[in-house]
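S.K.: So the sequences go chain by chain: A and B. Using our numbering, the letters of the first sequence map in sequence onto residues 105 to 358. Using our numbering, the letters of the second sequence map in sequence onto residues 28 to 372. Just so it is clear, CB atoms sit at the ideal spot from N, CA and C, and this is done for glycine as well. Before we start, here is the structure in question, set down as structure tokens.
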Amino acid sequence: MSVVAESLEWGVRRKPIVRDVSLSVAPGETLGLIGPNGSGKSSLLRLLAGLKRPQSGGVRINGQDIAQVSRKALSRQVAFVQQSAATDTNITVHDVVRLGRMPHRSALAGWSETDEAAVASALMRVDMTSRRAQPWQTLSGGERQRVHIARALAQTPQVMFLDEPTNHLDIHHQIEILRMVRDLDLTSVIALHDLNLAAMFCDRIVVLEAGAVRACGTPTEVLTQTLLRDVFRVSAQVSASEDADRPHIRYRVE
Amino acid sequence: MASDDAGGGPKGLAAFLALTVIVLVFAVATATAIGDYNIGLGTVFLSVTNELGLTGAEIAPIEQSVIWNLRLSRALVAALAGAGLALCGAILQALLRNALAEPFVLGVSAGASTGAVCVIVLGIGAGSLSLSLGAFAGAFAAFALVALLSNGATSGPNHTILAGVAASQLFNALTSYIVTTSGNAQQARDVMFWLLGSFGGVRWPDFQLLLAVVIVSFAVCIWMGRALDAFAFGDEDAAALGVPVGRVRLILFGVTALLTATIVSMVGAIGFVGLVVPHAARYVVGPLHLRLLPACAVVGAVFMVIADIVSRVVATQQTVPIGVVTALVGVPFFAIILYRARPQS
Ligand SMILES: Nc1ncnc2c1ncn2[C@@H]1O[C@H](COP(=O)(O)OP(=O)(O)OP(=O)(O)O)[C@@H](O)[C@H]1O
Ligand SMILES: [Mg+2]
């Protein structure tokens with residue numbers, strides 16, 4: 105499914121936070137969203153997922169304006185993984201992932217084999233099957249994040265928005281999760297801080313600066329020395345790796 | 028129902044519910060049997076089956092009348108009130124994501140008190156019916172104020188709790204003002220007694236009304252039970268799972284307000300049941316609402332009936348206000364929750 109945003113504007117009071125953002129993601133594409141802290145990545149993802157209403161502009165998923173679609177219908181196609189999730193509820197890993205099936209069930213419907221299969225495969229994909237009975241509260245930060253990704257996978261979405269899904273993960277799981285998201289047959293938009301991971305796994309990258317799109321294109325087109333200096337205020341050396349489309353960044357301290 | 032949402036297994040839940048219902052039946056029978064004039068448990072059961080036309084046992088008319096017209100209706104109203112308050116507590120704790128939320132956080136009880144005091148002291152209207160109506164109107168006025176202060180259903184949980192605290196303070200101040208400026212000693216005592224709750228004087232019509240309200244509320248809550256589970260990680264997360272957050276919050280706040288207002292207008296402001304019971308039930312059946320809500324209803328019912336029995340036997344020749352009994356049990360429990368909910372170091 106394609107995701108198209110047209111001149112999205114959102115802000116609080118008189119402070120604009122997302123400024124005239126237009127972008128389009130082709131079906132099956134993995135789009136990286138990068139930008140400094142406070143540049144509006146999370147806000148933009150919420151607008152795209154329909155969790156916030158833009159002040160102007162709109163989002164179309166598969167050609168349909170999401171403002172016209174009910175929450176439930178939308179959540180059958182679109183999953184959202186928050187930057188950080190917390191709860192006081194003493195709930196198990198398995199029950200958290202089962203929440204992901206909610207969009208597909210009516211209020212009192214029983215638990216079907218499809219539901220069970222979706223949950224089992226989601227837990228397996230994030231490598232948490234053996235922890236299914238563990239209480240959420242006792243998980244480590246990275247494990248919580250993986251469980252949340254599993255919940256989104258259990259929604260069997262066609263579009264997935266992930267807000268810094270790898271920020272608590274060890275390097276093995278960072279790579280595994282991003283590889284999995286890329287290889288799954290779904291359209292995804294991922295906010296990331298690790299530019300090398302973005303270069304490795306994203307088909308295209310959008311750079312946000314102060315709420316506006318600064319650059320958009322393939323990793324090679326976007327991740328240039330000039331842009332890194334201007335937007336991220338770092339000096340870096342960008343070198344081509346074996347794969348011409350996937351540059352490698354080495355930071356320098358002077 | 029909900030056999031799939033197994034945390035501890037559907038059989039475990041069914042067994043727990045069955046056991047609690049049996050305990051409830053015996054608690055209600057005991058509540059009916061004891062009083063100024065004790066009646067045997069066997070007579071109580073026979074009297075009920077007589078009334079239902081199942082048996083034709085000989086029972087003294089006076090006993091029959093005491094059982095059926097006075098005590099049974101009272102015990103059943105106590106059970107329903109306990110179930111309703113516990114249900115409200117579970118709903119509010121989920122919606123407000125706060126372990127200490129209870130039915131009265133929405134200011135409903137303070138509003139009801141003000142309404143009742145207007146009737147008792149200022150004599151707006153007269154008779155018992157208008158006392159209930161006054162309480163009911165006050166309860167809803169408080170709820171409306173909270174809804175207004177917290178900008179309807181759109182703001183966060185803490186906002187709603189703060190608005191509830193503000194409304195409670197306001198209405199409690201109004202109550203005290205009216206009592207101190209216009210009331211006499213007797214009226215103050217009446218108000219006091221009413222505020223602490225009493226099942227004295229409830230009859231079958233009260234039971235019928237409360238039964239209808241509890242059944243409808245319970246059905247709505249069960250219908251939204253899964254949506255409540257989704258609130259575990261916050262409003263936005265619930266929305267991402269397809270829950271129409273604003274609508275669910277509004278409907279469930281409305282249901283809680285209706286249920287609490289009905290109960291408070293009938294039997295006064297009985298604290299702590301709504302706080303204590305959901306935590307106890309969660310301990311047994313887990314946090315998922317399709318399991319938790321039925322468990323809360325039956326445990327709340329048992330708790331309240333037993334509290335009513337205690338309130339009648341603990342002091343000779345006198346009925347201790349029910350709110351005193353529930354609080355005496357509730358406060359230690361509250362302390363335990365506070366202790367366990369402290370930030371982990
Ligand atoms: N509800 C709000 N009220 C006021 N300011 C807000 C609100 N939401 C976001 N902001 C501001 O908007 C800016 C963008 O926030 P956002 O969370 O989208 O940034 P981000 O790019 O995700 O940052 P990070 O990399 O730190 O996650 C920040 O400066 C933030 O303070
Ligand atoms: Mg962010």
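(1) With C-beta atoms as the reference, is Gly139 (chain A) less than 7 Å away from Glu268 (chain A)?
(2) Where DSSP assigns a beta bridge to Gln168 (chain A), which residues make up the other side?
(3) Within 6 Å: the Cβ of Val116 (chain A) and any heavy atom of ligand 1?
(4) Does the distance from the CB of Gln181 (chain A) to the CB of Val263 (chain A) come in under 7 Å?
(5) Suppose only complete runs of 4+ residues qualify. What are the alpha helix (DSSP H) ranges in the region 179 to 254 of chain A, listed by chain order?
(6) Would you grab the beta carbon distance between Val132 (chain B) and Ile188 (chain B) for me? Rounded to a whole angstrom, and I think it's under 8 Å.
(7) Ordered along the chain, which non-local residues of its own chain (more than five positions away) have a Cβ less than 7 Å from that of Ala164 (chain B)?
(8) For the region 99 to 112 of chain B against the region 236 to 252 of chain B, are there 3 or more C-beta pairs whose distance is under 8 Å?
(9) Can you check whether the CB of Leu255 (chain B) is closer than 7 Å to the CB of Ala376 (chain B)?
(10) At 3 residues or longer, what runs of the beta strand (DSSP E) sit wholly inside the region 122 to 158 of chain A?
(11) Going straight from the alpha carbon of Phe330 (chain B) to that of His306 (chain B), what length do you get?
(12) Buried or exposed for Glu220 (chain A), please, with buried defined as at least 16 other CB atoms from any protein chain shown within 10 angstroms of its CB.
(13) Please report the residue range of the beta strand (DSSP E) in which Pro271 (chain B) lies.
(14) Find the nearest neighbour of Pro304 (chain A) within the set A:Leu243, A:Arg202, A:Ala256 and A:Pro323, judged by alpha-carbon distance.
(15) Pick from B:Val326, B:Leu302 and B:Gly295: whose alpha carbon is nearest that of Leu119 (chain B)?
(16) Taking buried to mean at least 16 other C-beta atoms within 10 Å of its own C-beta, is Ala45 (chain B) buried or exposed?
(17) Just by C-beta distance, which residues in the region 166 to 197 of chain A are closer than 9 Å to chain B?
(18) Do Ala169 (chain B) and Ala194 (chain B) have their C-beta atoms closer together than 7 Å?
(19) Distance, Cα to Cα, Ala126 (chain B) vs Glu247 (chain A)?
(20) Under 6 Å: does the beta carbon of Asn300 (chain A) sit that close to some heavy atom of ligand 1?
(21) In chain order, what residues of the same chain lie with their CB nearer than 7 Å to the CB of Thr393 (chain A), ignoring the 5 residues before and after it?
(22) Give me, in chain order, the residues of the same chain whose beta-carbon lies closer than 6 Å to that of Val352 (chain B); leave out the 5 immediate sequence neighbours on both sides.
(23) Does the distance between the C-beta of Ser140 (chain B) and the nearest non-hydrogen atom of ligand 2 fall short of 6 Å?
(24) Against chain B, does Leu155 (chain A) count as a neighbour if the rule is that its beta carbon must be under 7 Å from one of theirs?
(25) According to DSSP, what are the bridge partners of Cys320 (chain A)?
(26) Kindly indicate if chain B contains any beta-carbon less than 7 Å away from that of Pro207 (chain A).
(27) Against chain A, with Cβ distances strictly below 7 Å, would Pro314 (chain B) count as a contact?
(28) Distance check for Leu320 (chain B) and Ala183 (chain A), CA to CA, integer angstroms please.
(29) Alpha carbons only, please: which of A:Ala177, A:Arg354 and A:Gly136 is nearest the one belonging to Ala266 (chain B)?
(30) Give, in chain order, every residue of the region 267 to 283 of chain B whose Cβ lies closer than 7 Å to some Cβ of chain A.
(31) Can you pull the chain A residues whose beta carbon is under 8 Å from the beta carbon of Glu129 (chain B), in chain order?
(32) Taking DSSP's pairing of strands, which residues face His352 (chain A) in a bridge?
(33) Give the secondary structure of Val107 (chain A) by DSSP, where H, G and I count as helix, E and B as strand, and everything else as coil.
(34) How big is the Cα-Cα spacing for Cys248 (chain B) and Leu107 (chain B)?
(35) Which residue's Cα is closest to the Cα of Arg235 (chain A): A:His198, A:Phe265 and A:Ala109?
(36) Report all residues from its chain with a CB closer than 8 Å to the CB of Leu273 (chain A); omit the five preceding and five following residues, and keep chain order.
M.R.: Straight from the coordinates:
(1) No, they are not a contact pair.
(2) DSSP lists A:Ile165 as partners of Gln168 (chain A).
(3) Yes, the beta carbon of Val116 (chain A) sits closer than 6 Å to at least one heavy atom of ligand 1.
(4) Contact: yes.
(5) The qualifying runs are 197 to 203 and 217 to 229.
(6) Going by Cβ atoms, the distance from Val132 (chain B) to Ile188 (chain B) rounds to 6 Å, so yes, they are a contact pair.
(7) The residues are Gly142.
(8) As far as the Cβ criterion goes, the region 99 to 112 of chain B touches the region 236 to 252 of chain B, which means the pair count is three or higher.
(9) Lying before the first or after the last residue shown, residue 376 (chain B) is absent from chain B, which here runs from 28 to 372.
(10) Counting whole runs of 3 or more residues, the region 122 to 158 of chain A contains the beta strand (DSSP E) stretches 134 to 138.
(11) So the two alpha carbons sit approximately 13 Å from each other.
(12) Glu220 (chain A) is exposed by the Cβ-count criterion.
(13) From DSSP, Pro271 (chain B) is part of no beta strand (DSSP E); its letter is neither H nor E.
(14) This sequence places Met at residue 304 (chain A); Pro is not what is there. That would be A:Pro323, whose Cα lies nearest to the Cα of Met304 (chain A).
(15) Measuring from the Cα of Leu119 (chain B), the nearest candidate turns out to be B:Leu302.
(16) Per the 10 Å Cβ criterion, exposed.
(17) Against chain B - using a Cβ distance shorter than 9 Å - the residues of the region 166 to 197 of chain A are Ser174, Arg175, Lys176, Ala177, Leu178, Ser179, Arg180, Val182, Ala183, Phe184, Val185, Gln186, Ala189, Ala190, Thr191, Asp192, Thr193, Asn194, Ile195 and Thr196.
(18) Contact: yes.
(19) Ala126 (chain B) and Glu247 (chain A): Cα-Cα distance of roughly 25 Å.
(20) Distance from the C-beta of Asn300 (chain A) to the nearest heavy atom of ligand 1 is not below 6 Å.
(21) Residue 393 (chain A) is absent from the structure shown; chain A starts at 105 and stops at 358.
(22) The beta carbon of Val352 (chain B) lies closer than 6 Å to those of Ala334, Val337 and Ser338 in the same chain, with the five residues before and after it left out.
(23) Not under cutoff, so the answer is no.
(24) Flagged as an interface residue toward chain B: Leu155 (chain A), by a C-beta distance shorter than 7 Å.
(25) Beta bridge pairing from DSSP links Cys320 (chain A) with A:Val310.
(26) Yes - at least one Cβ of chain B is within 7 Å of the one on Pro207 (chain A).
(27) It does: the Cβ of Pro314 (chain B) has a partner Cβ on chain A nearer than 7 Å.
(28) So the alpha carbons of these two residues sit roughly 28 Å apart.
(29) It is A:Ala177.
(30) Flagged, chain order: Ala267, Leu268, Gly269, Val270 and Pro271.
(31) Result: empty, since nearest Cβ-Cβ is about 16 Å, beyond 8 Å.
(32) A:Ser343.
(33) Three-state DSSP puts Val107 (chain A) in a strand.
(34) Within the model, the alpha-carbon separation for Cys248 (chain B) versus Leu107 (chain B) is close to 16 Å.
(35) Put simply, of A:His198, A:Phe265 and A:Ala109 the residue whose alpha carbon is nearest the alpha carbon of Arg235 (chain A) is A:His198.
(36) Closer than 8 Å at the Cβ level, and outside the excluded window around Leu273 (chain A), lie Gly246, Gln249, Arg250 and Ile281.
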